[in-house]
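Residue numbers (the UniProt record's numbering): 1 to 321.
Please read the structure below before turning to the comments.
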Amino acid sequence: MKLDSSAVEYTPTDVGTIARQAEDRGYDGFWLAETKHDPFLALAGAAAATERIQLGTAIAVAFARSPMTVATTANDLRLLSGGRFNLGLGSQVEAHITKRFSMPWSRPAARMREFVLAVRAIWHAWETGERLAFRGEFYTHTLMTPFFNPGPNPHGTAPIYLAGVGELMTEVAGEVADGFLCHNFTTPRYLREVTLPALGRGRAKAGKSWEGFEISGPVFAATTDEEIADVKRQIAFYGSTPAYRPVLDLHGWGGLHEELHRMSRRQQWAEMSALITDDVLHEFAVVGTPDEVAAALLDRYGDVVTRLSPSGNVLSALRSG
């Protein structure tokens with residue numbers, strides 16, 4: 001199992017230092033989320049500051065961009081990093097795509113499938129010199145002249161990871177991606193009963209085996225009271241989002257989602273974490289000393305994920321375990 005570090009709170013000026021620290025501490029990968037800053041730009045700095053560690057977006061918002069811009073940026077980062085860049089994409093939710101990014105939203109799973117196929121078609125045209133002729137329902141790319149063609153990448157094309165929670169998006173990931181980025185808001189039960197079967201259906205649809213397919217698990221882990229409070233806030237935030245309700249429904253906690261959603265609409269963000277009971281906390285997060293957390297993480301996820309990205313400082317305990 002590979003052990004990864006990830007960052008949600010970062011700036012383009014400090015990300016090189018953060019990535020270098022992750023590399024020095026022995027992490028296998030370093031992944032950036034798209035929150036307040038552009039993760040692609042920040043990873044350019046991370047690439048310059050590191051030599052060994054794998055780099056990736058977890059996630060970059062696909063529907064805020066076109067397949068051509070993503071294909072170009074990923075190709076450049078693959079070059080800049082010496083082949084260490086991995087492209088992690090996610091859909092975000094409708095409100096953010098339409099109201100924050102002012103971009104179209106419809107049938108997200110079908111749109112994401114086509115997005116990935118379009119990116120691969122663009123890369124194929126660059127790698128082979130064949131004519132670009134991608135025509136889909138959502139995206140069309142039919143023009144690529146030599147002046148704009150970067151040619152084959154000496155490091156090959158970037159692996160594509162997709163993120164998802166719902167079954168349709170997860171199945172698409174199994175069909176067209178090289179790996180799957182689990183959401184933090186995923187329980188071991190949901191992972192085994194919903195996520196893995198959906199990925200399996202996607203692999204079967206594409207006629208592919210599991211060989212080489214990566215499953216990355218960013219997991220809530222807390223070893224201090226401060227970290228527990230932060231995890232509760234994140235669980236409450238995600239639990240208020242309708243797209244993530246199926247996870248709570250599986251555990252019989254649909255009523256919790258409804259109350260969190262009502263509070264979010266009233267902007268009661270600070271009060272929402274009080275609704276997260278210890279039962280809910282321990283279903284989503286591993287809590288204890290670093291050694292206890294490390295043992296529990298391996299017990300919960302060791303037979304499921306190929307990459308593990310726990311929050312908190314538990315790397316040394318995981319390595320020794």
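Virtual Cβ for every residue (Gly too), placed ideally from N, Cα, C.
All figures in this text were calculated on a predicted structure; none of them were measured in a lab.
Beta carbon of residue i nearer than 7 Å to that of residue j
i           : j           : result
residue 280 : residue 223 : no
residue 8   : residue 33  : yes
residue 94  : residue 53  : no
residue 3   : residue 47  : no
residue 112 : residue 172 : yes
residue 109 : residue 169 : yes
residue 62  : residue 31  : no
residue 217 : residue 308 : yes
residue 244 : residue 194 : no
residue 70  : residue 116 : no
residue 163 : residue 90  : yes
residue 141 : residue 78  : no
residue 180 : residue 199 : yes
residue 139 : residue 67  : yes
residue 247 : residue 310 : no
residue 215 : residue 98  : no
residue 114 : residue 129 : no
Neighbourhood of residue i by C-beta distance below 7 Å, restricted to the same chain and skipping five residues each side
i           : result
residue 236 : 260, 272, 273, 275, 276
residue 150 : 75, 126
residue 92  : 61, 63
residue 13  : none
residue 82  : 155
residue 20  : 49, 50
Limits of the unbroken alpha helix (DSSP H) element including residue i
i           : result
residue 324 : Given a span of 1 to 321 for the chain in the structure shown, any question on residue 324 remains unanswerable.
residue 24  : 15–24
residue 199 : 196–205
residue 310 : Segment 307–310 is the beta strand (DSSP E) holding residue 310; no alpha helix (DSSP H) there.
residue 192 : From DSSP, residue 192 is part of no alpha helix (DSSP H); its letter is neither H nor E.
residue 293 : 290–301
residue 39  : 39–49
Classification of residue i by the beta-carbon crowding that lies within 10 angstroms, buried from 16 upward
i           : result
residue 232 : buried
residue 18  : buried
residue 267 : exposed
residue 321 : With a pLDDT of only 49 at residue 321, under the threshold of 50, the placement of this residue in the model should not be trusted; the figure read from the coordinates follows. Residue 321 should be labelled exposed.
residue 353 : Coverage of the chain is limited to positions 1 through 321, which leaves residue 353 absent and any answer about it impossible.
residue 257 : buried
residue 41  : exposed
residue 209 : exposed
residue 44  : buried
residue 284 : buried
residue 39  : buried
residue 177 : buried
residue 51  : exposed
residue 159 : buried
residue 121 : buried
residue 183 : buried
residue 395 : One cannot answer for residue 395 here, as it falls past the ends of the chain, which runs 1 to 321.
residue 5   : buried
residue 252 : exposed
residue 134 : buried
Endpoints, beta strand (DSSP E) assigned at residue i
i           : result
residue 222 : 214–222
residue 160 : 160–164
residue 179 : 179–182
residue 29  : 29–32
residue 7   : 2–7
residue 56  : 54–57
Own chain, CB closer than 6 Å to residue i, minus 5 neighbours either side, in chain order
i           : result
residue 300 : 188
residue 286 : 221, 293, 296, 297
residue 264 : 240
residue 157 : 123
residue 84  : 54, 55
residue 206 : 175
residue 101 : 64
residue 144 : 125, 132
residue 238 : 185, 244
residue 167 : 198
Proximal residues to residue i (C-beta, below 8 Å), its chain only, five neighbours per side dropped
i           : result
residue 192 : 304
residue 250 : 187, 189, 190, 193, 194
residue 203 : 174, 175, 209, 210, 213
residue 229 : 273
residue 254 : 245, 248
Taking the runs of the alpha helix (DSSP H) that are 4 residues or longer, which of them lie wholly in the region 60–142?
-> 67–80, 108–128
Review point. Which runs of the beta strand (DSSP E) fall wholly inside the region 210–284 and span at least 3 residues, in chain order?
Key: 214–222
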